[in-house]
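Participant:
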């Protein structure tokens with residue numbers, strides 16, 4: 085598609101439809117090339133699978149966080165109710181972010 089845009093732009097310039105100075109036209113071609121390079125880089129990132137050991141490590145760290153958070157929250161709060169609420173909210177937020185990332189990685 086970028087090749088079509090480039091060839092149509094050159095034809096329009098040659099036919100007199102576009103009256104753009106050559107330095108500006110070369111800048112347009114450079115921007116199209118940069119776009120194509122960025123697109124290919126983004127496509128390459130989507131094709132590389134997420135490492136399985138890294139995913140397992142993340143799951144284990146979330147489990148450890150889920151177990152340790154109530155003990156740490158006890159030092160910051162004076163009421164057990166607030167400890168439970170804060171621990172639940174923090175664990176829920178981290179678990180939700182992990183599940184969202186998993187869905188984005190493999191829909």
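Numbering (the numbering used here), first residue to last: 85 to 191.
We treat Cβ as the ideally placed atom computed from N, Cα and C, and that holds for glycine.
(1) For a test of the three-state rule: what should DSSP assign to residue 100, helix, strand or coil?
(2) Check whether the stretch 135-146 and the stretch 164-173 are in contact - that is, three or more C-beta pairs closer than 8 Å.
(3) Residues in the same chain with beta-carbon distance under 6 Å from residue 86, minus the five sequence neighbours each way, listed in chain order, please.
(4) Could you give the residue range of the alpha helix (DSSP H) that holds residue 162?
(5) Can you tell me whether residue 105 is helix, strand or coil according to DSSP?
(6) Anyone know if the C-beta pair for residue 179 and residue 146 falls short of 8 Å?
(7) Take residue 172 as the anchor and find which of 129, 155, 106, 187 has the nearest alpha-carbon.
(8) Using CA coordinates, which residue listed in 103, 109, 100 is at the minimum distance from residue 89?
Facilitator: A quick look at the data gives this:
(1) Translated into the one-based positions of the chain shown, residue 100 becomes position 16. Coil, per DSSP.
(2) Result no; under three Cβ-Cβ pairs closer than 8 Å.
(3) Position 2 of the chain shown, counted from the start, is the residue given in the question as residue 86. Closer than 6 Å at Cβ, skipping near neighbours: 116, 120.
(4) Position 78 of the chain shown, counted from the first residue, corresponds to residue 162. Per DSSP, residue 162 lies in no alpha helix (DSSP H) segment and is marked neither H nor E.
(5) In the chain shown, residue 105 corresponds to position 21, counting from 1. Reduced to three states, the DSSP call for residue 105 is coil.
(6) Taking the first residue of the chain shown as 1, we reach residue 179 at position 95. Taking the first residue of the chain shown as 1, we reach residue 146 at position 62. Going by C-beta atoms, residue 179 is nearer than 8 Å to residue 146.
(7) Indexing the chain shown from 1 puts residue 172 at position 88. Checked all of 129, 155, 106, 187; the closest Cα to residue 172 is 155.
(8) Counting from 1 along the chain shown, the entry for residue 89 is found at position 5. Distances from the alpha-carbon of residue 89 to those of 103, 109, 100 put 109 closest.
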